[in-house]
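A.B. asks: For the sequence shown, numbering that gives the first Met the number 0 assigns the number 138 to the last residue and increments by one with no breaks.
C-beta atoms are modelled at their ideal positions from N, C-alpha and C, and glycine is treated no differently.
This structure is a prediction, so every number in the text was calculated from the model and none was measured.
To start, I am sharing the structure in question, which I have written as structure tokens.
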Amino acid sequence: MKKVSILFLVLLGILVATVSCAQSQSPEVSPPQEKGSFRVEVSRRGFNKTPGGFRLEVEEGQEVEITFVYGDNDFSQNNPHIIAISEYGIETDVVDENTPEVTLRFTAEAGEVTFVCIKVDCVGHTNLLGGIIVIQSGG
Ligand SMILES: [Cu+2]
């Protein structure tokens, strides 16, 4: 009987230690968004779930950083995307469940550029063809 009680206490101790350890992990903190810095979800539903045109606005000469965040975790299969800005000749690495964040950086030149998914076989591909970056010329 006594052995059983000790075993119970030991198991209880392990359980308490495990729970308090899990709680002490700090939550993920996303860094503050600077001007010209964006986070855009990429999923089969479009950029930020916007299947049509999705716009970002920046100023000419600005250093722009767009982090694309994988948003298909609720889907039954991995759904890799690659985002490209052909006007600047740049593209991301594959963004998928294994690499959930990829970033594009460029210096904005006046005008309008588009960003699209170039992984033509991804699910929802046609929802990822309407990204627009409007670049305002600074007077
Ligand atoms: Cu895609």
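For the region 107-125 against the region 77-86, do three or more pairs of beta-carbon atoms, one drawn from each stretch, fall closer than 8 Å, so that the two count as touching?
C.D. replies: yes
A.B. asks: By Cβ distance below 7 Å, which residues in the same chain neighbour residue 47 in space, the five residues on each side in sequence not counted?
C.D. replies: 39, 40, 53
A.B. asks: So, helix, strand or coil for residue 86, using DSSP?
C.D. replies: Residue state, collapsed to three classes: helix.
A.B. asks: So, at 7 Å on beta carbons, what are the nonlocal neighbours of residue 71 in its own chain, with the 5 sequence-adjacent residues on each side left out?
C.D. replies: 42, 43, 78
A.B. asks: Would you grab the beta carbon distance between residue 136 and residue 62 for me? Rounded to a whole angstrom, and I think it's under 8 Å.
C.D. replies: That belief does not hold up - the Cβ atoms of residue 136 and residue 62 are roughly 16 Å apart, past 8 Å.
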